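*Asks:* Taken in sequence, the protein lines are chains A and B.
Each residue of the first sequence is one higher than the last, beginning at 52 in our numbering.
Each residue of the second sequence is one higher than the last, beginning at 52 in our numbering.
All C-beta atoms, glycine included, are put in the ideal place defined by N, C-alpha and C.
What you are looking at is a predicted structure, and each value in this text was computed from that prediction instead of being measured.
Number of protein chains: 2
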Amino acid sequence: MPDTSIRSLPLSRCSINTATLGHRSPIGEVIERVARHGFGGISPWRRDLEGQDHRLVGRHIRYAGLSLSGYCRGTYFPGANRAAFEANVADNRRAIDEAAALGAPCFVFVVGSLPEGTKDLADARSQVSEGLSTLLPYAREAGVGLAVEPLHPMYAGDRSCITSLGEALTLCESLDPSRQGGIGVAIDVYHVWWDWRLSVDIAAAGRSGRIMAFHVCDWLVPTQDLLLDRGMTGEGVIDVGRIRREIEGTGYDGFAEVEVFSRRWWSTSEDDVLAACAKGFASI
Amino acid sequence: MPDTSIRSLPLSRCSINTATLGHRSPIGEVIERVARHGFGGISPWRRDLEGQDHRLVGRHIRYAGLSLSGYCRGTYFPGANRAAFEANVADNRRAIDEAAALGAPCFVFVVGSLPEGTKDLADARSQVSEGLSTLLPYAREAGVGLAVEPLHPMYAGDRSCITSLGEALTLCESLDPSRQGGIGVAIDVYHVWWDWRLSVDIAAAGRSGRIMAFHVCDWLVPTQDLLLDRGMTGEGVIDVGRIRREIEGTGYDGFAEVEVFSRRWWSTSEDDVLAACAKGFASI
């Protein structure tokens with residue numbers, strides 16, 4: 052149960068990415084728990100909804116008083132051959148249908164990188180661009196934004212060939228030069244905090260209307276694991292408050308979505324994790 | 052003992068960073084072993100030379116038929132207070148004296164980042180800039196180049212607030228706007244391979260005459276440890292050959308220096324490590 056002192060914080064501006072809770076409970080329970088703690092939003096993963104009716108889950112979320120801040124996450128685009136690439140695009144098309152059925156404003160893309168046994172980042176980037184280009188009209192029709200999430204460069208080998216906000220924005224501009232919209236970025240402090248050009252790129256993202264999602268957590272020193280050792284907001288060395296002010300300074304008034312992959316937090320009770328999310332949110 | 056088939060490779064263009072051998076043997080033995088394997092250069096660390104006469108070690112290196120490709124590495128600049136910062140600058144000044152005594156063409160700077168308990172990257176960057184600015188005239192007088200090594204962004208919390216080649220070059224230009232020289236960059240494929248702007252930045256580094264060192268190794272997928280799980284050149288996913296061609300395309304004709312931090316390689320015999328270095332060098 053939430054500490055009542057936490058209820059007084061503006062948690063309506065905070066969303067919980069379900070990965071933060073470790074995908075331990077059925078989505079229905081997670082929705083109720085997130086709402087009970089006073090958060091304003093939720094962002095589920097595809098894996099949480101397997102075999103379910105996305106429309107009903109979306110209705111449950113709204114009935115619980117929550118908004119959707121996004122839907123996670125894209126199937127990696129690059130394939131070792133054309134057939135693999137096309138299968139990846141088709142899977143992402145299905146995910147866009149699911150996002151639309153849920154009522155999610157955007158679908159978050161972790162774009163993938165080098166197919167096994169390859170070293171050609173330029174080719175991976177080219178496949179990502181083609182995949183997003185193929186999906187953009189479809190997603191616009193469905194009313195689902197394509198949110199490209201640049202990942203930390205330590206994932207450049209396997210998870211994302213898009214490694215900085217500047218790169219993601221340049222990709223968006225190349226696919227939507229007239230700024231019709233429908234494609235933008237998900238900015239996660241974990242992935243971009245180190246970048247000397249971050250302030251400049253956040254301003255550019257704001258000017259071009261591309262900020263579709265804002266994710267928070269923290270970078271621990273030392274970090275013990277490349278994937279599962281994120282800190283809760285405020286636990287680490289990222290000046291999340293400064294980044295948040297810069298993002299809100301562009302006019303962004305959406306959620307701060309808490310996304311923490313952490314063996315440590317996943318071994319903590321879901322209620323305690325949510326209490327920590329609220330405390331971390333208050334710290335920024 | 053080296054495989055004779057390896058002797059036919061142009062190892063004279065390859066240098067061994069002593070960290071690659073795990074700092075297991077006295078520097079005199081390491082020099083002899085590196086020369087025996089047919090490499091053309093060596094780059095020792097300060098820790099290898101503690102309590103020794105740097106002038107004599109430099110002479111030993113040259114008598115063994117080796118050149119110095121650099122001297123490693125800078126004391127982190129940022130300090131929690133002014134006195135700490137100044138002590139760090141003073142320590143780097145002593146290191147420049149050592150590099151000059153050795154006869155090393157450059158001293159490699161890993162610049163440091165956030166002092167413990169702080170989150171202000173801009174302040175860390177400002178301290179780095181001031182520290183290098185203070186040292187530059189001294190290093191020019193000593194004939195030792197200041198080689199700023201941008202580190203992979205996964206080290207932004209503790210080891211280096213300079214996280215890309217573009218950032219390092221911009222810093223060099225700000226400290227040496229008239230391109231008098233004496234300050235440049237050490238480009239390590241491990242730290243920069245993911246960067247979408249790498250080709251552009253390598254070309255710019257070449258044009259401005261800033262490439263002082265070129266380090267090779269590889270990025271493993273998966274990487275098990277943020278610090279001690281580098282691959283030998285050719286073992287991982289970096290297209291080292293392409294990066295090397297781009298660097299040499301700018302006119303760089305210095306060494307490719309093998310720098311591998313790896314628990315796995317450090318548990319392999321020094322001769323086997325050197326044979327693997329030669330094989331990896333041949334692969335690029």
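When Cβ atoms are compared, which residues of the region 259–278 of chain B fall closer than 9 angstroms to chain A?
*Replies:* Hits within the stretch, in order: W270, L271, V272, P273, T274, Q275, D276, L277 and L278.
*Asks:* Kindly indicate which residue of R98/A, W317/A, A198/A and L183/A has the alpha-carbon position closest to the one of R281/A.
*Replies:* For this step, residue 281/A is matched to residue 230 along the first sequence. The option with the nearest alpha carbon to R281/A is W317/A.
*Asks:* Would DSSP call N139/B helix, strand or coil?
*Replies:* Position 88 of the second sequence, counting from 1, holds the residue named residue 139/B. Here N139/B sits in helix by DSSP.
*Asks:* Is the beta carbon of A256/B less than 8 angstroms from the beta carbon of L220/B?
*Replies:* Residue 256/B sits at position 205 when you count from the first residue of the second sequence. Residue 220/B sits at position 169 when you count from the first residue of the second sequence. Yes. Within cutoff.
*Asks:* Run the CB neighbour count on Y114/B, radius 10 Å, all protein chains shown included, and call it buried at 16 or more, exposed below.
*Replies:* Counting from one through the second sequence, the residue named residue 114/B turns up at place 63. That one is exposed.
*Asks:* Which class does Y122/A belong to by DSSP, given the choice of helix, strand or coil?
*Replies:* Taking the first sequence and counting its residues from 1, one reaches residue 122/A at position 71. Note: Y122/A maps to strand in three-state DSSP.
*Asks:* Looking at C-beta atoms only, is the number of pairs between the region 88–103 of chain A and the region 69–76 of chain A that lie closer than 8 angstroms three or more?
*Replies:* Result yes; three or more Cβ-Cβ pairs closer than 8 angstroms.
*Asks:* What did DSSP end up calling L60/A once you bin it into helix, strand or coil?
*Replies:* Taking the first sequence and counting its residues from 1, the one referred to as residue 60/A is at position 9. Bear in mind that the predicted position of L60/A carries a pLDDT of just 49, short of 50, making it unreliable; the figure below should be weighed with that in mind. Note: L60/A maps to coil in three-state DSSP.
*Asks:* Out of L153/A, V179/A and Q103/A, which one is the CA nearest neighbour of F136/A?
*Replies:* In the first sequence, residue 136/A corresponds to position 85, counting from 1. Minimum Cα distance to F136/A is reached at V179/A.
*Asks:* Would you check if the distance between the CB atom of V267/A and the CB atom of A326/A is smaller than 8 angstroms?
*Replies:* Walking along the first sequence from the start, residue 267/A turns up at place 216. Walking along the first sequence from the start, residue 326/A turns up at place 275. No; because the gap between Cβ atoms is not below 8 angstroms, this pair is not in contact.
*Asks:* Would DSSP call E181/B helix, strand or coil?
*Replies:* For the purposes of this step, residue 181/B is taken as residue 130 along the second sequence, with counting starting at 1. E181/B: helix per DSSP, three-state reduction.
*Asks:* Using a Cβ cut-off of 8 angstroms (strictly closer), state whether K330/A contacts chain B.
*Replies:* Taking the first sequence and counting its residues from 1, the one referred to as residue 330/A is at position 279. Output row for K330/A: interface = no.
*Asks:* Apart from the five residues on each side of it in sequence, which residues of its chain come closer than 7 angstroms, Cβ to Cβ, to D239/B?
*Replies:* Position 188 of the second sequence, counted from the start, is the residue given in the question as residue 239/B. For D239/B, where only same-chain residues beyond five positions count, the Cβ hits under 7 angstroms are E200, H266 and E310.
*Asks:* Measuring straight from C-alpha to C-alpha, what distance separates I234/A and H88/A?
*Replies:* Residue numbering aside, residue 234/A sits at position 183 when the first sequence is read from its first letter. Residue numbering aside, residue 88/A sits at position 37 when the first sequence is read from its first letter. When rounded, the distance between both Cα atoms is 32 angstroms.
*Asks:* Quick one: which residues of the region 229–242 of chain B get their C-beta closer than 8 angstroms to a C-beta of chain A? List them in chain order.
*Replies:* Cβ contacts with chain A come from no residue of the region 229–242 of chain B.
*Asks:* Should P61/A go down as buried or exposed, given a rule of 16 or more other Cβ atoms within 10 Å for buried?
*Replies:* Within the first sequence, the letter at position 10 stands for residue 61/A. Flag for P61/A reads exposed.
*Asks:* In chain order, what residues of the same chain have a beta carbon less than 8 angstroms from the beta carbon of V127/A, not counting five sequence neighbours either side?
*Replies:* Residue 127/A sits at position 76 when you count from the first residue of the first sequence. The question names Val, yet the displayed sequence has Tyr at residue 127/A. Within the same chain, Y127/A has close Cβ partners N139, V161, V162, G163, S164 and R210.
*Asks:* Just verifying my parser: in three-state terms, what is the DSSP assignment at I112/B?
*Replies:* As a first step, residue 112/B is located in the second sequence; it is residue number 61 there, counting from the start. Residue state, collapsed to three classes: helix.
*Asks:* Thinking just about the alpha-carbon of each residue, which of S334/B, G302/B and Q275/B is nearest to the one in R314/B?
*Replies:* For the purposes of this step, residue 314/B is taken as residue 263 along the second sequence, with counting starting at 1. Considering only alpha carbons, the answer is Q275/B.
*Asks:* Taking 8 angstroms as the threshold (beta carbon to beta carbon), is A207/B in contact with chain A?
*Replies:* The count along the second sequence starts at 1 and reaches residue 207/B at position 156. With 8 angstroms as the cut-off, A207/B counts as an interface residue toward chain A.
*Asks:* Consider the Cβ of L153/B: report whether some Cβ of chain A lies at a distance smaller than 8 angstroms.
*Replies:* For the purposes of this step, residue 153/B is taken as residue 102 along the second sequence, with counting starting at 1. Answer no: the Cβ-Cβ gap between L153/B and chain A never drops below 8 angstroms.
*Asks:* Can you name the residues of chain A whose CB is closer than 7 angstroms to the CB of V108/B?
*Replies:* The residue given as residue 108/B occupies position 57 in the second sequence. Under the 7 angstroms cutoff, chain A gives no residues; its nearest Cβ is about 33 angstroms from V108/B.
*Asks:* Which residues of the region 277–292 of chain A have a Cβ closer than 8 angstroms to any Cβ of chain B? Give them in chain order.
*Replies:* So the close ones are L277, G287, V288, I289 and D290.
*Asks:* Give the DSSP bridge partners of S211/B, in chain order.
*Replies:* For the purposes of this step, residue 211/B is taken as the residue at position 160 of the second sequence. For S211/B, which the question treats as bridged, DSSP gives the partners G163/B.
*Asks:* So what does A256/B bridge to, in DSSP terms?
*Replies:* As a first step, residue 256/B must be located in the second sequence, where it is residue number 205. In DSSP, A256/B forms no bridge with anything.
*Asks:* Please report the straight-line C-alpha distance between F158/B and Y303/B, rounded to a whole angstrom.
*Replies:* Here residue 158/B refers to the residue found at position 107 when the second sequence is read from its first residue. Here residue 303/B refers to the residue found at position 252 when the second sequence is read from its first residue. Near 18 angstroms, if we compare the C-alpha coordinates of Y303/B and F158/B.
*Asks:* Below 6 angstroms CB to CB, which residues in the same chain sit around I294/B once its five sequence neighbours on both sides are set aside?
*Replies:* Within the second sequence, residue 294/B is the residue found at index 243, counting from 1. Excluding sequence neighbours, I294/B sits near V240.
*Asks:* Spatial neighbours of L153/A within its chain, please: CB distance less than 7 angstroms, with the 5 preceding and 5 following residues excluded, ordered by chain position.
*Replies:* Reading the first sequence from its first residue, position 102 is the one you call residue 153/A. Excluding sequence neighbours, L153/A sits near H105, V108, G109, L119 and Y122.
*Asks:* According to DSSP, is I335/A part of a helix, a strand, or is it coil?
*Replies:* For the purposes of this step, residue 335/A is taken as the residue at position 284 of the first sequence. The answer is coil: DSSP assigns I335/A none of H, G, I, E or B.
*Asks:* So that I know if they touch, is there some Cβ in chain B lying closer than 8 angstroms to that of P95/A?
*Replies:* Sequence index remark: in the first sequence, residue 95/A carries index 44 (1-based). Not closer than 8 angstroms to any Cβ of chain B, the Cβ of P95/A fails to qualify, so no.
*Asks:* Keeping to the same chain, check which residues put their C-beta closer than 7 angstroms to that of G208/A; ignore five residues upstream and five downstream.
*Replies:* For the purposes of this step, residue 208/A is identified with residue 157 of the first sequence, where counting begins at 1. So the list reads S164 and L165, once near-sequence residues are dropped.
*Asks:* Answer yes or no: does any C-beta atom of chain D fall closer than 8 angstroms to that of T214/B?
*Replies:* Considering every chain present, this structure includes no chain D. Its protein chains are A and B.
*Asks:* Under the assumption that V288/A contacts K330/B (Cβ atoms under 8 angstroms), give the Cβ distance between them as a whole number of angstroms.
*Replies:* Within the first sequence, residue 288/A is the residue found at index 237, counting from 1. Within the second sequence, residue 330/B is the residue found at index 279, counting from 1. In fact, because the Cβ distance is near 39 angstroms, the residues do not count as touching under 8 angstroms.
*Asks:* Give the DSSP bridge partners of C65/B, in chain order.
*Replies:* If you number the second sequence from 1, residue 65/B lands on position 14. DSSP lists A307/B as partners of C65/B.
*Asks:* Quick check on G235/A: does DSSP put it in helix, strand or coil?
*Replies:* Counting from one through the first sequence, the residue named residue 235/A turns up at place 184. The answer is strand: DSSP assigns G235/A an E or B state.
*Asks:* With H, G and I counted as helix, E and B as strand and the rest as coil, what does DSSP make of L279/A?
*Replies:* Counted from its first residue, the first sequence places residue 279/A at position 228. In this structure, L279/A counts as coil in the three-state DSSP scheme.
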